[in-house]
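In this note's numbering, the protein residues as written are 99 to 253. Have a look at the structure below, then the notes.
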């Protein structure tokens, strides 16, 4: 009798854990994570220009966080920190570089509903929202935004 109760409890706990994973978006098709521009998309996003500044093919990353934020990373640093480094290389003082980077800083958020995605950026008080669709196949993310297709691979 006790073994039967233990089996029922074990099955119940497994069911709760699996339900929690699915409800929290822990499925294989989650957009949450770090993505690298792939193929022609890398060029359309300006990666060619960044290569002149020491950014390799995998150096530009778009990270979708669980809390609905989008972070842009360059060489594993937030893009603002990357800008500070570049401005220091151009001869600015630390305080000047940090101030200039603050002026270029922006916030980006996203919302997903099925295969639809809405991304909103806020820079210098101006807000812009772009809507489109996305699809995840294996380690590839394809986004169609404003008539343009952009492809990423999972980092």
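Just so you know, even glycine gets a beta-carbon here, dropped at the ideal spot from N, CA and C.
7 Å Cβ shell around residue i - same chain, five flanking residues per side excluded
{"i": "residue 228", "result": "217, 243, 244"}
{"i": "residue 184", "result": "151"}
Heavy atom of the ligand ATP within 8 Å of residue i beta-carbon
{"i": "residue 218", "result": "Within the structure as shown, the ligand ATP is missing, as the structure has no ligands at all."}
Of the residues the options, the one placed nearest residue i, counting alpha carbons only
{"i": "residue 154", "options": "172, 224, 212, 194", "result": "172"}
{"i": "residue 134", "options": "195, 247, 170, 149", "result": "170"}
{"i": "residue 158", "options": "178, 164, 165", "result": "178"}
{"i": "residue 219", "options": "166, 131, 186", "result": "166"}
{"i": "residue 130", "options": "197, 163, 223", "result": "163"}
Limits of the alpha helix (DSSP H) - the one that residue i falls within
{"i": "residue 186", "result": "177 to 187"}
Cβ-Cβ distance between residue i and residue j below 9 Å
{"i": "residue 214", "j": "residue 231", "result": "yes"}
{"i": "residue 253", "j": "residue 238", "result": "no"}
{"i": "residue 168", "j": "residue 225", "result": "no"}
{"i": "residue 188", "j": "residue 202", "result": "no"}
{"i": "residue 200", "j": "residue 160", "result": "no"}
Beta bridge counterpart(s) of residue i as assigned by DSSP
{"i": "residue 230", "result": "215, 243"}
{"i": "residue 209", "result": "216"}
{"i": "residue 235", "result": "238"}
{"i": "residue 131", "result": "162"}
{"i": "residue 221", "result": "204, 224"}
{"i": "residue 167", "result": "207"}
Own chain, CB closer than 6 Å to residue i, minus 5 neighbours either side, in chain order
{"i": "residue 221", "result": "204"}
{"i": "residue 126", "result": "Unreliable positioning characterises residue 126 in this predicted model, as indicated by a pLDDT of 41, which lies under 50. The coordinate reading is nonetheless provided below. Cβ within range, chain order: n/a, list empty."}
{"i": "residue 194", "result": "none"}
Contacting residues, own chain, Cβ-Cβ under 8 Å from residue i (five flanking each side not counted)
{"i": "residue 136", "result": "238, 249, 250, 251"}
{"i": "residue 176", "result": "169, 170"}
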